[in-house]
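J.: Before anything else, here's the structure in question.
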Amino acid sequence: MPLLEPDPEALRPGTAREPAPDRVTDRSATGTPEPLRAELTALLGADKVLWKISDLVRYASDASPYRFLPRVVLVPEDIDDISAILSYAHGKGREVVFRAAGTSLNGQAQGEDILVDVRRHWTGIEVLDDGARARIRPGTTVLRANTTLARYGRLLGPDPASAIACTVGGVVANNASGMTAGTTRNSYRTLASLTFVLPSGTVVDTADPAADEELARAEPDLCAGLLALKAEIEADEELTARIRAKYAIKNTNGYRLDAFLDGATPVQILRGLMVGSEGTFGFISETVFDTLPLDRRVTSALLFFPSLTAAAAAVPRFNEAGAIAVEVMDGNTLRASVSVKGVPADWAALPRETAALLVEFRAPDEAGQEAFEEAAAEVMRGLDLVVPAASVTNAFTRDAGTIAGYWKARKAFVTAVGGSRPSGTTLITEDFAVPPDRLADACEALLELQSRHGFDAAVAGHAAHGNLHFLLAFDAALPADVERYDAFMQEFCALVVDRFDGSLKAEHATGRNIAPFLEREWGQRATELMWRTKQVIDPEGVLAPRIVLDRDPRAHLRGLKTIPKVEAVADPCIECGFCEPTCPSEDLTTTPRQRIVLRREMMRQADGSPVEAGLLDAYGYDAVDTCAGDSTCKLACPVGIDTGAMMKGFRHRRHTPREERIAALTAKNFRVVEASARLAVAAGDAIGKRGGDRLLASVTRLARRAVRPDLVPEWLPQLPGSAARELPRTTRVGASAVYYPACVNRIFAGPEAGPGGTPDLSLAEAVVAVSERAGKPVWIPEDVAGTCCATIWHSKGYDAGNRVMANRIVEAAWGWTAGGTLPLVVDASSCTLGIAEEVVPYLSEDNRELHRELTVVDSLVWAAGELLPELTVFERTGSAVLHPTCSMEHLGDVEQLRVLAEACAEEVTVPDGAGCCAFAGDRGMLHKELTDAATAKEAAAEVNSRDYDAYLSANRMCEIGMERATGHPYRSALIELERATRPPSR
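Letter by letter, the sequence shown follows residues 5 to 990 of this note's numbering.
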């Protein structure tokens, strides 16, 4: 063990607590039992079998109110692995559940035996027929697919609110639709073909002309059974009419019986049945979608009404006018959404009865847009709208920013309302549909039912399609509260079915909470046909038992999860998973959601239990050490939960008082530390150039093992040499801005050569030169050495050192800028973020006043806004690929990076999969495996798919990380701007 290995006990919850009724029991503390673990390891390999108790717990939760602990989690890489798993399950009598993003709201992604992660190795999109179709692997998020398709003017039909995180495979398996899909643009209607693996292991590609012939040879009983069911259904005219009527509105409850009516052959029937089957019929390994036109002319409005029923009554008129989306939000939803960045604060005081419609029209051209706007104006003349807050306009707009704000508030429905629920309560998300012309009556009945059962619920939904969602919060640890929820559900199901002949699940799929009510909606005859269909396709019941079909009338109450209180920054989390695709450690250790899930399980445990001990033992590396601390999770979370901040807090808790004193000492003496670091880098570079990279790497690895991996960086061959000891000479007289070269750029040199092998200027030289060239000279203070943005200490949780440097840099910056009269231009995006925002909590009151007077500007913003308009571009390079850093995302500077690149290059590409590189200062040297995992998809799938003339970013350490990932030398866009605008030599 390293000498300074942190004590896991430092992270033990320090609160007195009673064990929760749904805690993981002690018998599971050792993880996956034998011989299950050994058999699956022999079958698949150790790297595809997750068996520790921390692995099982982090996969036990999804976005639903349920929680089931799997016996083992498997991570297959290909169809051969899937077939092997299914064969094993058949032979051993085991059960298998597939899980992709875990954004499902009804427990579909949870299993009690073998859980299979089909996200990690199952991503990718291939555009076909110039965008008319797309071949998409099941682990690809909807957002990622649409980002690629947008370049072709196309998009997918399904558009769920969770598109940032939910995967295409999950969307198909649940027939999730969203705001605009309705019954005509969903997966059932827009899938051209799919490839799937049946429970037996048979692989079917529905696009293969020989598919039926091959299936008949491989699965004769299955084919015969499907055709027999088809004949039986078609012979029953009343049932056939009932099936057609049920799918006239949105419906995902039960299996798609209309597949027997729409498909003529077994393969065609299976193609329909797989949609919405929730993983109970097979594994969808590939999809081919018919895409839809991306109409870019958009007009939207957020219209406020005195009541939910008044809003619902206006929906048919907008439908008739051609609106592609009409979304409803009640007062509770609107008030809760103020927690979402950008939502007007005055919504918090909206009357409870208020409701709003988000109405959107989309057209391919100006004429179509004007026609829709005229139709909308006609509808508006007959509406009785209200203005319950000063920010309310009740007007249609074309402004993209305003429209994006409306949708951000709407899509945050579940997370924003869930985040504002009482601490410790479980969130239930219900989803139903009624005929659209009955929507107003349904709203009134729903509100009455909620009130009668004591629920102050929130309501939103796709009003254009008669589809409503509502949220209920209750304490799953209190039997009386669970019974109250049950009583509500019994009456709710009766209301939807008996009064409105509606769908108990419109788009969230049956799942565990509606399975007991399936027969209530469909009747005995149709329900038994669903059971028989399951028997024909999966006769041994291997796949996802109890998720669609369950004869237990109280199944919806089994496995409800308690939500114990955790650290305040994470307590509002509803475990939706929106944060996961942005997380650099997603494919290495844990995600933000999983970090919170693990913490909650610790809180469920008795103090000192074997399960708590196992979780603590893994948490240090899996959660704390391998968190990049970039806080992109905060950007993805609709309510801004910053799990990175929680991990930094845990790093602080693990520090000894001695470590904190040493960190503070380095801050106080940073001038010496900076100079020493520059000398060390120079020495390392000299040794490396003499063939000593391997020696340096070996020495630092030994030191890491002896001391502590999180304290001693590992030498990487990609590390550049040292920066020049002297910065460029500048003068304060006539300066347009104060230029602050970040300490990383004062320690590390830039790339050794630019395009064509010509030497590059250093970043500091480039900034000074290009600013002078634009007539906006900058001044570098003589005493910048020994100062820093404080991120070094902030990212590691060294609070004392953070306070020292945060106050030092603000005091210095205030003096340099003459009390804020000049802007402070910073040449590393992470340092800009640090000085502009992250230092504030650590400042004294006096220095907070000084900070308020500062104008901190990222060099990208300075160059794009102040310099570029005054410059002449003399030489553009051919192509450039960009790496936007996570700090740019926080600062909103990504567009400025693109603007600079487009000035310097004929062709500019931002990889669709670009994300945080996780180099995170020195974390890429402390845990290089983190950067390897974070950059793998961006590097392999996109950057290295072709050659570029320039590889650009705006943070030296991120550039080093991306060079390590891709093998290409990344450099600052400012260096490229200087090169492109340098007058040709005469």
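Ideal Cβ positions, reconstructed from N, Cα and C, are used throughout, including at glycine.
Just the Cα atoms here: how many angstroms apart are Phe309 and Ala352?
T.: If you take the alpha carbons of Phe309 and Ala352, they lie about 16 Å apart.
J.: In whole angstroms, what is the alpha-carbon distance linking Leu159 and Thr107?
T.: Roughly 21 Å separates the two Cα atoms.
J.: Apply the 10 Å Cβ neighbour rule to Ser91 and answer buried if 16 or more other Cβ atoms are within range, or exposed otherwise.
T.: With fewer than 16 Cβ atoms within 10 Å of its Cβ, Ser91 is classed as exposed.
J.: What does the Cβ neighbour count give for Pro10, buried or exposed, with the cut at 16 atoms within 10 Å?
T.: Classification for Pro10: buried.
J.: Kindly indicate which three-state DSSP category Arg975 falls into: helix, strand or coil?
T.: It is a strand residue.
J.: Tell me whether Glu664 sits in a helix, a strand or coil according to DSSP, three-state version.
T.: Correct three-state label for Glu664: helix.
J.: Just to confirm the assignment, what range does the beta strand (DSSP E) spanning Gly465 have?
T.: That run of the beta strand (DSSP E) goes Ala462 to His466.
J.: Which residues in the same chain have their Cβ closer than 7 Å to the Cβ of Leu231, if we skip the five residues on either side of it in sequence?
T.: Pro270, listed in sequence order.
J.: Quick check: the stretch 548-562 against the stretch 515-529, are at least 3 beta-carbon pairs closer than 8 Å?
T.: Contact holds: three or more Cβ-Cβ distances are below 8 Å.
J.: If you draw a straight line from the alpha carbon of Glu290 to that of Leu195, how long is it in whole angstroms?
T.: So the two alpha carbons sit approximately 11 Å from each other.
J.: Within 10 angstroms of its Cβ, does Ala149 collect 16 or more other Cβ (buried), or is it exposed?
T.: Classification for Ala149: buried.
J.: CB Val201 to CB Gly286, shorter than 7 Å?
T.: In contact: Val201 and Gly286 (Cβ atoms closer than 7 Å).
J.: For Cys962, which residues of its own chain have a beta-carbon under 7 Å away from its beta-carbon, when the five flanking residues on both sides are left out?
T.: Same-chain partners within the cutoff: His887, Thr889, Cys921 and Phe923.
J.: Helix, strand or coil: which one does DSSP assign to Arg1023?
T.: In the structure displayed, the chain extends from 5 to 990; residue 1023 sits before or after that span and is not available.
J.: At what residues does the beta strand (DSSP E) containing Val742 begin and finish?
T.: Note, Val742: beta strand (DSSP E), Ala741 to Tyr744.
J.: Which whole-angstrom value describes the C-beta separation of Pro320 and Asp441, a residue pair presumed to lie in contact below a C-beta threshold of 8 Å?
T.: 6 Å between Cβ atoms; contact.
J.: Starting from Phe496, follow the alpha helix (DSSP H) in both directions and report where the run begins and ends.
T.: Here the alpha helix (DSSP H) through Phe496 covers Pro483 to Ala498.
J.: Relative to the alpha-carbon of Pro661, which residue among Gly801, Gly618, Pro585 and Leu731 has its alpha-carbon at the smallest distance?
T.: It is Gly801 whose Cα lies nearest to the Cα of Pro661.
J.: Cβ atoms of Ile83 and Val100: under 7 Å apart, would you say?
T.: In this structure, Ile83 does not lie closer than 7 Å to Val100 by Cβ.
J.: Can you give the Cα-Cα distance for Met5 and Val711, rounded to whole angstroms?
T.: In this prediction, Met5 scores a pLDDT of 46, lower than 50, which makes its location untrustworthy; the coordinate-derived value is nonetheless stated afterwards. Roughly 9 Å between the two C-alpha positions.
J.: Comparing C-alpha positions only, which one of Ala741, Leu451, Ala768 and Thr127 sits nearest to Arg750?
T.: For Arg750, the nearest C-alpha among the options comes from Ala768.
J.: Evaluate Ala728 with the Cβ neighbour count: other Cβ atoms within 10 Å of its Cβ, from every protein chain shown; 16 or more gives buried, anything less gives exposed.
T.: Label assigned to Ala728: exposed.
J.: Between the C-alpha atoms of Ile666 and Pro781, what's the straight-line distance to the nearest angstrom?
T.: If I take the Cα positions, the gap works out to 39 Å.
J.: With a cut-off of 8 Å, do at least 3 Cβ pairs link the stretch 872-880 to the stretch 924-944?
T.: In short, these stretches do not touch, since the Cβ pair count stays below three.
J.: How long is the line joining the alpha carbons of Ser680 and Met966, rounded to whole angstroms?
T.: Approximately 26 Å, taken between the alpha carbons.
J.: Between the Cα of Trp126 and those of Ser166, Glu571 and Val79, spot the shortest distance and give me the residue it belongs to.
T.: Cα-wise, what sits closest to Trp126 is Val79.
J.: Spatial neighbours of Pro297 within its chain, please: C-beta separation below 7 Å, excluding the five flanking residues on both sides.
T.: Taken in chain order, the residues that qualify are Gly157, Arg158 and Pro368.
J.: On a Cα-Cα basis, can you pick out the residue from Ser204, Ala24 and Glu571 that is closest to Phe543?
T.: The question names Phe, but residue 543 in the sequence shown is Pro. Here the closest residue by C-alpha is Ser204.
J.: Enumerated in chain order, which unbroken segments of the alpha helix (DSSP H) with a length of 4 residues or greater are wholly contained in the stretch 333-414?
T.: Runs of the alpha helix (DSSP H) inside the stretch 333-414: 335-340 and 370-384.
J.: Could you tell me the boundaries of the beta strand (DSSP E) in which Tyr955 lies?
T.: Note, Tyr955: beta strand (DSSP E), Ala954 to Ser957.
J.: Identify which residue in Thr704, Asn673 and Trp797 has its Cα closest to the Cα of Gly688.
T.: When each option's Cα is compared against that of Gly688, the closest is Thr704.
J.: Can you say whether Thr795 is buried or exposed, counting buried as having 16 or more other CB atoms within 10 angstroms of its CB?
T.: With 16 or more other Cβ atoms within 10 Å, it is buried.
J.: Taking a contact to mean a Cβ-Cβ separation below 7 Å, would you say Pro717 touches Leu930 in this structure?
T.: Their beta carbons are under 7 Å apart, which means Pro717 touches Leu930 by this criterion.
J.: Please report the straight-line C-alpha distance between Glu511 and Ser68, rounded to a whole angstrom.
T.: Near 14 Å, if we compare the C-alpha coordinates of Ser68 and Glu511.
J.: Rounding to the nearest angstrom, what Cα-Cα distance links Val914 and Arg880 in this structure?
T.: Cα-Cα distance, rounded: 18 Å.
J.: Secondary structure at Leu78, three-state DSSP: helix, strand or coil?
T.: If DSSP states are grouped into helix, strand and coil, Leu78 belongs with the strands.
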